[in-house]
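> Provided herewith is a single structure, encoded as structure tokens, for subsequent inquiry.
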Amino acid sequence: MKLSQLVGQRLREAPRDAQTASHKFLVRGGYCRLVSAGLYTLLPLGRRITKKIEQILREEMERVDAQEVLMPMVLPADLWQESGRWDSVGAELLRFQDRNGKDMLLGMTHEEAVVHLARTELVSYKQLPACVYQIQLKYRDEARPRAGLIRVREFTMKDAYSFHTTQESLEEYYARMHEAYERIFRRIGLKDCLSILSDSGMIGGAVSHEFMAIADCGEDTLFVSPDHTSYRANREIATSPLKFVKEDPLPLEKVETPHCQSIESLAKFLGIEQSQTCKAVFYKDAKDNLIFVNIRGDLEVNEAKLKKALQIPEFAFADDNLIRSVGAVPGFASLCGLDLSKIKVVVDKSVVGSSNLVVGANEENYHYRNFNYDRDVQDKSNIIVTDIATVREGDPCPVTGQPLQMLKGIEVGNIFQLGTKYSAAMHCEFLSPEGKTKPMIMGCYGIGVGRAVAAVIEQCHDDYGPIWPMSIAPYQVEIIGLNHAQPEVADACQKLYDELQAL
Numbered sequence: 084m085k086l087s088q089l090v091g092q093r094l095r096e097a098p099r100d101a102q103t104a105s106h107k108f109l110v111r112g113g114y115c116r117l118v119s120a121g122l123y124t125l126l127p128l129g130r131r132i133t134k135k136i137e138q139i140l141r142e143e144m145e146r147v148d149a150q151e152v153l154m155p156m157v158l159p160a161d162l163w164q165e166s167g168r169w170d171s172v173g174a175e176l177l178r179f180q181d182r183n184g185k186d187m188l189l190g191m192t193h194e195e196a197v198v199h200l201a202r203t204e205l206v207s208y209k210q211l212p213a214c215v216y217q218i219q220l221k222y223r224d225e226a227r228p229r230a231g232l233i234r235v236r237e238f239t240m241k242d243a244y245s246f247h248t249t250q251e252s253l254e255e256y257y258a259r260m261h262e263a264y265e266r267i268f269r270r271i272g273l274k275d276c277l278s279i280l281s282d283s284g285m286i287g288g289a290v291s292h293e294f295m296a297i298a299d300c301g302e303d304t305l306f307v308s309p310d311h312t313s314y315r316a317n318r319e320i321a322t323s324p325l326k327f328v329k330e331d332p333l334p335l336e337k338v339e340t341p342h343c344q345s346i347e348s349l350a351k352f353l354g355i356e357q358s359q360t361c362k363a364v365f366y367k368d369a370k371d372n373l374i375f376v377n378i379r380g381d382l383e384v385n386e387a388k389l390k391k392a393l394q395i396p397e398f399a400f401a402d403d404n405l406i407r408s409v410g411a412v413p414g415f416a417s418l419c420g421l422d423l424s425k426i427k428v429v430v431d432k433s434v435v436g437s438s439n440l441v442v443g444a445n446e447e448n449y450h451y452r453n454f455n456y457d458r459d460v461q462d463k464s465n466i467i468v469t470d471i472a473t474v475r476e477g478d479p480c481p482v483t484g485q486p487l488q489m490l491k492g493i494e495v496g497n498i499f500q501l502g503t504k505y506s507a508a509m510h511c512e513f514l515s516p517e518g519k520t521k522p523m524i525m526g527c528y529g530i531g532v533g534r535a536v537a538a539v540i541e542q543c544h545d546d547y548g549p550i551w552p553m554s555i556a557p558y559q560v561e562i563i564g565l566n567h568a569q570p571e572v573a574d575a576c577q578k579l580y581d582e583l584q585a586l
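Going by the working numbering, the sequence shown runs without a break in its numbering and finishes at 586.
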């Protein structure tokens, strides 16, 4: 291929909204073109790169005995209704009706479709374990597409799904797939890619890992031990041991705190540390049920942990009227004196483990000193006590005790131990040796092809453009004639080109 014949112009300027190196170089270099927000056309150079990545994916999937299939991108709603995700997934799922009025969707993930496949094709324990995969377009109606190929609406993904008779079989295969992913990311040229513990999110499951390409422009925040090995977790599930000052409980004392509606102003007014206060945060679920969260004043609520504790997909901040409807006073609220029987209450471990905190008195301009959870909350039957705190850089590592480091990363892959979440809901069962039907135990494993391209550029570039690893470079050899106007130079270049093409 002659450069003059290549479709896709090189541009002098990057897009005005391009903030990442990969976005700038992919557009300027003629690898892709924007069609609409979050929608890109891959030009020949870009497509050559993705095809090479896809070939590596196929080779590594074959090594772990996965078989390639191709499921439709357009799916009927009834499959998602079976799993329950038709109602639980938000606006990012693009729904529509066909000409007959049947509810349909564009697949953003294919758990339901593959379960439908498995329950018709895999019926006996003799057929398990089994794994299928596809390299397929998906669509997620992102609210704010950004950063070129890193966050888009339509994207290509390699997604694999395994089916097992036992948890032990799943764990064994999960480990094999984890190793395969490490090989894949090495082969495509990622220099620094970490496997970290993660939250399963809307996919579900008990155990999951994300593969993060370390990059300053990454959207994800992860916390790691100084050796980058002992502990690795994303912000959504990262933990850190809290320090408590345990004291003998002092008598509850009501004090006037005029206009102290924030933790900062309260601590300043009373001359105490923010860690000696309790923060009250109110949310509401999709049905406008109040959620009352309590956490130590120096900490912030981790909303991913909170969603997991409550087992709900979404919530929003509650308004003052809803807060007042249960007897709480915005800015001066606490658990003291409230009827908690009709409120969803979540209390962070930091509140339970602390002594003599300052909390709201549920009265304008008043707080209580010396609140102690065990003593001052009588009815704990409706309270969830768990870790909902956001970890900060420098907090102690839960494994080594050393200060945690915070890194930014691009999520290029993820793997999940799904268990029976989908198979039980959709009656995907196998016949055991004893003749009993049991739900299949599942795992799922995804890699974003476009994100992988962008991540490689973020780690492998200079001021002038990408430095492609040989394994995925669009062309491995470039022939440059220093004075192509001279016939002998042009002829020599053409001869060398023909010889290389013949190899």
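Note that beta-carbon positions come from the ideal geometry of N, C-alpha and C, so glycine has one too.
Would you check if the distance between the CB atom of residue 76 and the CB atom of residue 195 is smaller than 8 Å?
In this structure the chain extends from 84 to 586, so residue 76 is not present and cannot be described.
> Mapping DSSP to helix, strand and coil, what is residue 394?
Looking at residue 394 - three-state DSSP - the assignment turns out to be coil, as it is neither helix nor strand.
> Between the region 471-489 and the region 382-393, do three or more beta carbon pairs fall short of 8 Å?
Yes, they touch.
> Can you list the beta strand (DSSP E) stretches of 3 or more residues lying completely in the region 124-204, in chain order?
The qualifying runs are 157-159, 178-180, 186-189.
> Would you mind reading off the limits of the alpha helix (DSSP H) that contains residue 106?
Where residue 106 is concerned, the enclosing alpha helix (DSSP H) stretches over 104-111.
> Take the Cβ of residue 567 as the centre, count every other Cβ of all protein chains shown within 10 Å, and call the residue buried at 16 or more, exposed below.
The residue is exposed, with fewer than 16 neighbouring Cβ atoms inside 10 Å.
> With contact counted as at least three CB pairs below 8 Å, one residue from each stretch, are the region 239-259 and the region 523-543 in contact?
Verdict: yes, contact present.
> Might you give, ordered along the chain, the residues of its own chain that have their beta carbon closer than 7 Å to the beta carbon of residue 93, omitting 5 neighbours on each side?
Answer for residue 93: 111, 112, 113, listed in chain order.
> Tell me the residue span of the alpha helix (DSSP H) that contains residue 261.
Looking at the DSSP string, the run of the alpha helix (DSSP H) that includes residue 261 is 250-270.
> Measuring only the C-alpha atoms, how far is residue 490 from residue 310?
Those two C-alpha atoms are separated by around 13 Å.
> Suppose only complete runs of 3+ residues qualify. What are the beta strand (DSSP E) ranges in the region 349-400, listed by chain order?
Fully enclosed beta strand (DSSP E) runs of 3 or longer: 361-367, 373-379.
> Given that a residue counts as buried once 16 or more other Cβ atoms are within 10 Å of its Cβ, and exposed if not, what is residue 157?
Its Cβ having fewer than 16 others within 10 Å, residue 157 is exposed.
> May I ask you to list the residues that DSSP assigns as paired with residue 499?
Answer is 291, 527, bridged to residue 499.
> Under 8 Å, do residue 193 and residue 154 count as touching if we go by C-beta distance?
In this structure, residue 154 lies closer than 8 Å to residue 193 by Cβ.
> Roughly how many angstroms lie between the CA atoms of residue 203 and residue 559, to the nearest whole one?
The alpha-carbon atoms of residue 203 and residue 559 are separated by roughly 45 Å.
> Is DSSP giving residue 276 helix, strand or coil here?
Of the three classes helix, strand and coil, the one that applies to residue 276 here is strand, per DSSP.
> Go ahead and label residue 180 buried or exposed: buried means 16 or more other beta carbons lie within 10 angstroms of its beta carbon, across all protein chains shown.
With fewer than 16 Cβ atoms within 10 Å of its Cβ, residue 180 is classed as exposed.
> When DSSP labels each residue in this structure, what does residue 337 get in the three-state scheme?
Residue 337 falls in the strand class under three-state DSSP.
> Across which residues does DSSP place residue 449 in a beta bridge pair?
BP columns for residue 449 point to 339, 446.
> Considering only residues of the same chain and omitting the five flanking positions on each side of residue 553, which have a CB-CB separation below 7 Å?
Correct list, in chain order: 559.
> Take residue 24 and list the residues in its own chain whose beta-carbon comes closer than 8 Å to its own, dropping the five residues that flank it on each side.
What the structure shows of the chain is the stretch from 84 to 586, and residue 24 is not part of that stretch, so it cannot be assessed.
> Spatial neighbours of residue 562 within its chain, please: C-beta separation below 7 Å, excluding the five flanking residues on both sides.
Excluding residues within five positions, the ones whose Cβ falls inside 7 Å are 576, 579, 580.
> Evaluate contact between the region 296-315 and the region 544-551, counting only Cβ atoms and requiring at least three cross-stretch pairs below 8 Å.
The region 296-315 vs the region 544-551: no contact.
> Looking at the structure shown, is residue 420 part of a helix, part of a strand, or coil, going by DSSP?
Coil at residue 420, not helix or strand.
> Pick from 506, 517, 500, 539: whose alpha carbon is nearest that of residue 280?
Measuring from the Cα of residue 280, the nearest candidate turns out to be 500.
> Taking the C-alpha atoms as reference points, what is the distance between residue 260 and residue 278?
Each residue's Cα considered, the two are about 12 Å apart.
> By DSSP, does residue 324 sit in helix, in strand, or in coil?
Correct three-state label for residue 324: coil.
> Taking just the CA atoms, how far does residue 543 sit from residue 116?
The straight-line gap from Cα to Cα measures roughly 21 Å.
> Quick check: the region 455-466 against the region 252-268, are there 3 or more CB pairs under 8 Å?
Cβ pair count under 8 Å is below three, so no.
> Within 10 Å of its beta-carbon, does residue 504 have 16 or more other beta-carbons around it, so buried, or fewer, so exposed?
When all chains shown are included, residue 504 counts as buried.
> What separation, rounded to the nearest whole angstrom, lies between the Cα atoms of residue 351 and residue 230?
Distance between the alpha carbons of residue 351 and residue 230: 41 Å.
> Expressed to the nearest angstrom, what Euclidean distance is found between the alpha-carbon atoms of residue 324 and residue 480?
Spanning the two alpha carbons is a distance of roughly 7 Å.
> Measuring alpha carbon to alpha carbon, tell me which residue in 135, 331, 345 is nearest residue 454.
The shortest C-alpha separation from residue 454 is found at 331.
> Pick helix, strand or coil for residue 92, following the three-state DSSP scheme.
Correct three-state label for residue 92: coil.
> Label residue 342 either buried or exposed according to how many other C-beta atoms from any shown protein chain fall within 10 Å of its C-beta, with 16 as the threshold for buried.
Counting Cβ neighbours within 10 Å, residue 342 comes out exposed, since fewer than 16 surround it.
> Tell me, to the nearest whole angstrom, how far the beta carbon of residue 427 is from that of residue 393; I am working on the premise that it is less than 8 Å.
Correct: roughly 7 Å between the Cβ atoms.
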